[in-house]
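Protein chains: 2
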Amino acid sequence: MPDSVSSSRDIVTAAMLVIGDEILSGRTQDKNVSYLANRLGDVGIQLHEVRIIPDIEAEIVDAVNHCRRKYDYVFTSGGIGPTHDDITADSIAAAFGVGIDFHPEAMTILTRHYETSGIEFNDARKRMARIPDGAELVDNPVSKAPGFRLGNVFVMAGVPQIMQAMMDSILPALQGGRKMLSRSLSANLPEGKVANALGALQEKYPDVSMGSYPYFRQGNVGTNLVLRSIYQDKLEGAFSDLKEILVPFNCDITETS
Amino acid sequence: MPDSVSSSRDIVTAAMLVIGDEILSGRTQDKNVSYLANRLGDVGIQLHEVRIIPDIEAEIVDAVNHCRRKYDYVFTSGGIGPTHDDITADSIAAAFGVGIDFHPEAMTILTRHYETSGIEFNDARKRMARIPDGAELVDNPVSKAPGFRLGNVFVMAGVPQIMQAMMDSILPALQGGRKMLSRSLSANLPEGKVANALGALQEKYPDVSMGSYPYFRQGNVGTNLVLRSIYQDKLEGAFSDLKEILVPFNCDITETS
Numbered sequence: 035m036p037d038s039v040s041s042s043r044d045i046v047t048a049a050m051l052v053i054g055d056e057i058l059s060g061r062t063q064d065k066n067v068s069y070l071a072n073r074l075g076d077v078g079i080q081l082h083e084v085r086i087i088p089d090i091e092a093e094i095v096d097a098v099n100h101c102r103r104k105y106d107y108v109f110t111s112g113g114i115g116p117t118h119d120d121i122t123a124d125s126i127a128a129a130f131g132v133g134i135d136f137h138p139e140a141m142t143i144l145t146r147h148y149e150t151s152g153i154e155f156n157d158a159r160k161r162m163a164r165i166p167d168g169a170e171l172v173d174n175p176v177s178k179a180p181g182f183r184l185g186n187v188f189v190m191a192g193v194p195q196i197m198q199a200m201m202d203s204i205l206p207a208l209q210g211g212r213k214m215l216s217r218s219l220s221a222n223l224p225e226g227k228v229a230n231a232l233g234a235l236q237e238k239y240p241d242v243s244m245g246s247y248p249y250f251r252q253g254n255v256g257t258n259l260v261l262r263s264i265y266q267d268k269l270e271g272a273f274s275d276l277k278e279i280l281v282p283f284n285c286d287i288t289e290t291s
Numbered sequence: 035m036p037d038s039v040s041s042s043r044d045i046v047t048a049a050m051l052v053i054g055d056e057i058l059s060g061r062t063q064d065k066n067v068s069y070l071a072n073r074l075g076d077v078g079i080q081l082h083e084v085r086i087i088p089d090i091e092a093e094i095v096d097a098v099n100h101c102r103r104k105y106d107y108v109f110t111s112g113g114i115g116p117t118h119d120d121i122t123a124d125s126i127a128a129a130f131g132v133g134i135d136f137h138p139e140a141m142t143i144l145t146r147h148y149e150t151s152g153i154e155f156n157d158a159r160k161r162m163a164r165i166p167d168g169a170e171l172v173d174n175p176v177s178k179a180p181g182f183r184l185g186n187v188f189v190m191a192g193v194p195q196i197m198q199a200m201m202d203s204i205l206p207a208l209q210g211g212r213k214m215l216s217r218s219l220s221a222n223l224p225e226g227k228v229a230n231a232l233g234a235l236q237e238k239y240p241d242v243s244m245g246s247y248p249y250f251r252q253g254n255v256g257t258n259l260v261l262r263s264i265y266q267d268k269l270e271g272a273f274s275d276l277k278e279i280l281v282p283f284n285c286d287i288t289e290t291s
């Protein structure tokens, strides 16, 4: 297969649903999106969309059903704890039109955990063993209450440490495509100066996505130029051309990672 | 009107669209969502949804048209610079089915800016004066290239300093509803312990939204409990009840803001 013809398996896509009022209220700064994007990138999965949605079942159902049909994978974070506002498992069951019940394996894991730690395994905590029918558990090495996978949807906790540990459990099961490679540089010139040349370069390399991100730091204006492609040779060719293009501008260039 | 009956103007909603590959690639950590959420909260507008989407016109059009019909306001960030990957203005025009052309006032602002700073006002920079028909400009005190408002959609830059300055220009024009008030505390007990009592409290106060957010810090387990309502009296009643509920648990409580 020629390098520039993508098979459907070259490009593998994902969406993330961040479920929870605390991000939308501005109280909490999300930390999970960039973590997930980077870990997925490592295994050749491209994050194409993120939605941050409230703890409302109809909203979760709509977003899950839209995204699971559109993307190869969907990852959710948040809403799988023991409190009344944790409605993600029920919402996923509703999205798939399946039942939800206490999962024997989840009950075993949690019973053992609470016995060992001498904490009461009360009704609220038992809610965390309610898993949609047909789902497989996702290991939670931090606080034991499992996430789960149903179809192409992976359901994780919102607490960053737990979400990250769950991603470690999930990653080996994912089928990635080609990795998105990138080369980037920072130049101390305004992006408007290089915009025309960059546009022409983009036309020359349709398989290399070129992003231009201006910055304003301590009174200095500059631009980060980021080239991304699944094709190593095209990426290197475009990056080499980019550096050529910048020579006449007599600017300082720093290659970045 | 009784305190607990909401008029349509009590609740004013918004969505935010973060446009740009750099957040989705994991390269850049978003800083605009929490800023926007907090500023909107200050004027009584509730952020109900955020979507982070790539620089693809069809994706932008779909998200804008969905959100502008569903929410009172839509705010976008990103994609209004001079480079080829800046396609937000064209996408907004496409979403509304209107034309797009050089806006006389935007041309005047940019012509003056580049004359004053001795920088060439080249074709790429002129792209930043292309504004959808019928839109009003949004002032950009940082780098001059304006944002704009079309219908209930406000289009802003993605660079945080500029986005924040544009929000300052926009805020006086927004019609907010009742402000969402909040009271919160941190308790050094696992949320599973208080979950049942909290669920009962939520049933007692349907107009107060109660969120429970566990944390794990340096080996210590604890829970942040956040109560939110547009009704001050109900919020205070619920918060007072919450503190009562926690007394038997003999935990350390810190009221937080």
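Chain order of the listed sequences is H and L.
So for the first sequence, our numbering puts the first residue at 35; every next one is plus one.
So for the second sequence, our numbering puts the first residue at 35; every next one is plus one.
Quick reminder that beta carbons are idealized off the backbone N, C-alpha and C, glycines included.
Using a Cβ-Cβ cutoff of less than 7 Å, which residues in the same chain neighbour residue i once the five nearest sequence positions on both sides are dropped?
i, result
"leucine 205 (chain H)", "Arg73 and Val77"
"threonine 288 (chain H)", "Leu219 and Ser220"
"lysine 178 (chain L)", "Ile143, Leu144 and His147"
"glutamine 236 (chain H)", "Met244"
"leucine 276 (chain L)", "Leu235, Leu259 and Leu261"
"aspartate 37 (chain L)", "Any reading at aspartate 37 (chain L) needs caution, since the residue's pLDDT is 43, under 50, leaving its predicted position unreliable; the model's value is listed next. Closer than 7 Å at the Cβ level, and outside the excluded window around aspartate 37 (chain L), lie Tyr265 and Asp267."
"threonine 62 (chain L)", "Glu56"
"glutamate 139 (chain L)", "Leu171"
Is the CB-CB distance between residue i and residue j below 8 Å?
i, j, result
"valine 172 (chain L)", "methionine 190 (chain L)", "yes"
"asparagine 222 (chain H)", "asparagine 254 (chain H)", "yes"
"aspartate 119 (chain H)", "methionine 244 (chain L)", "yes"
"isoleucine 94 (chain L)", "isoleucine 86 (chain L)", "no"
"valine 46 (chain L)", "aspartate 106 (chain L)", "yes"
"asparagine 186 (chain H)", "valine 108 (chain H)", "yes"
"alanine 207 (chain L)", "isoleucine 279 (chain L)", "no"
"glutamate 270 (chain H)", "serine 246 (chain H)", "no"
"alanine 123 (chain H)", "valine 98 (chain H)", "no"
"isoleucine 121 (chain L)", "aspartate 89 (chain L)", "yes"
"serine 274 (chain H)", "aspartate 241 (chain H)", "no"
"glycine 192 (chain H)", "serine 68 (chain H)", "no"
"leucine 184 (chain H)", "alanine 169 (chain H)", "yes"
"valine 176 (chain L)", "phenylalanine 250 (chain H)", "yes"
"lysine 71 (chain L)", "glycine 152 (chain H)", "First, the amino acid is wrong: residue 71 (chain L) is alanine here, not lysine. No."
"proline 194 (chain L)", "asparagine 66 (chain L)", "yes"
Go to residue i, then tell me how far its alpha helix (DSSP H) extends in each direction, as first and last residue.
i, result
"methionine 197 (chain L)", "194 to 204"
"threonine 122 (chain L)", "122 to 130"
"phenylalanine 182 (chain L)", "From DSSP, phenylalanine 182 (chain L) is part of no alpha helix (DSSP H) but of the beta strand (DSSP E) over 181 to 184."
"threonine 226 (chain H)", "Contrary to the premise, residue 226 (chain H) reads as glycine rather than threonine in this sequence. From DSSP, the alpha helix (DSSP H) with glycine 226 (chain H) extends over 225 to 238."
"histidine 82 (chain L)", "Careful: histidine 82 (chain L) lies outside any alpha helix (DSSP H), inside the beta strand (DSSP E) at 80 to 87."
"phenylalanine 11 (chain L)", "Outside the modelled stretch of chain L, which goes from 35 to 291, sits residue 11 (chain L), for which no answer is possible."
"valine 95 (chain H)", "91 to 104"
"isoleucine 57 (chain H)", "55 to 58"
Considering only the alpha carbon of each residue, which of the options lies closest to residue i?
i, options, result
"glycine 133 (chain H)", "H:Ile165, H:Glu270 and H:Val95", "H:Ile165"
"phenylalanine 182 (chain L)", "L:Asp167, L:Asn258 and L:Val193", "L:Asp167"
"alanine 92 (chain H)", "H:Ile126, H:Gly60, H:Ser68 and H:Gly112", "H:Ile126"
"arginine 43 (chain H)", "H:Gly210, H:Leu184 and H:Glu149", "H:Gly210"
"lysine 238 (chain H)", "H:Asp157, H:Lys268 and H:Glu154", "H:Lys268"
"tyrosine 265 (chain L)", "L:Leu215, L:Lys277 and L:Leu276", "L:Leu215"
"methionine 50 (chain L)", "L:Asp96, L:Ala272 and L:Cys101", "L:Cys101"
"phenylalanine 136 (chain H)", "H:Asp286, H:Thr150 and H:Pro180", "H:Pro180"
"glutamate 154 (chain L)", "H:Ser151, H:Ala229 and H:Gly60", "H:Ala229"
"histidine 233 (chain L)", "L:Ala272, L:Pro138, L:Glu139 and L:Ser203", "Here the sequence assigns glycine to residue 233 (chain L), which means histidine is not the residue at that position. Closest option to glycine 233 (chain L), Cα to Cα, is L:Ala272."
"alanine 158 (chain L)", "H:Lys227, H:Gly131 and H:Gly54", "H:Lys227"
Ends of the beta strand (DSSP E) at residue i?
i, result
"aspartate 135 (chain H)", "134 to 136"
"alanine 221 (chain H)", "215 to 221"
"serine 68 (chain H)", "Where serine 68 (chain H) is concerned, there is no enclosing beta strand (DSSP E), although the alpha helix (DSSP H) it sits in stretches over 66 to 76."
"glutamate 170 (chain H)", "170 to 172"
For residue i, which residues from the same chain have a beta carbon less than 8 Å from its beta carbon, with the 5 sequence-adjacent residues on both sides left out?
i, result
"valine 39 (chain H)", "Residue placement at valine 39 (chain H) is flagged as unreliable, the pLDDT there being 45, under the threshold of 50; the coordinate-derived value follows with that caveat. Excluding positions up to five away in sequence, the list is empty."
"asparagine 284 (chain H)", "none"
"threonine 290 (chain L)", "Ser218, Leu219, Ser220 and Asn258"
"aspartate 64 (chain L)", "Val52, Ile57 and Ile86"
In its own chain, which residues sit with a C-beta less than 6 Å from the C-beta of residue i, not counting the 5 before and 5 after it?
i, result
"arginine 292 (chain L)", "An answer regarding residue 292 (chain L) cannot be provided, because it is not within the stretch 35 to 291 covered by chain L."
"alanine 48 (chain L)", "Leu74, Ile79, Leu81, Tyr105 and Tyr107"
"valine 281 (chain H)", "none"
"phenylalanine 188 (chain H)", "Phe109 and Ile204"
"lysine 2 (chain L)", "Because chain L spans 35 through 291 in this model, residue 2 (chain L) falls outside it and cannot be assessed."
"glutamine 252 (chain L)", "none"
"aspartate 202 (chain H)", "none"
Note down, in chain order, every chain A residue with its Cβ under 7 Å from the Cβ of residue i.
i, result
"aspartate 119 (chain H)", "In the displayed structure, chain A is absent; the protein chains listed are H and L."
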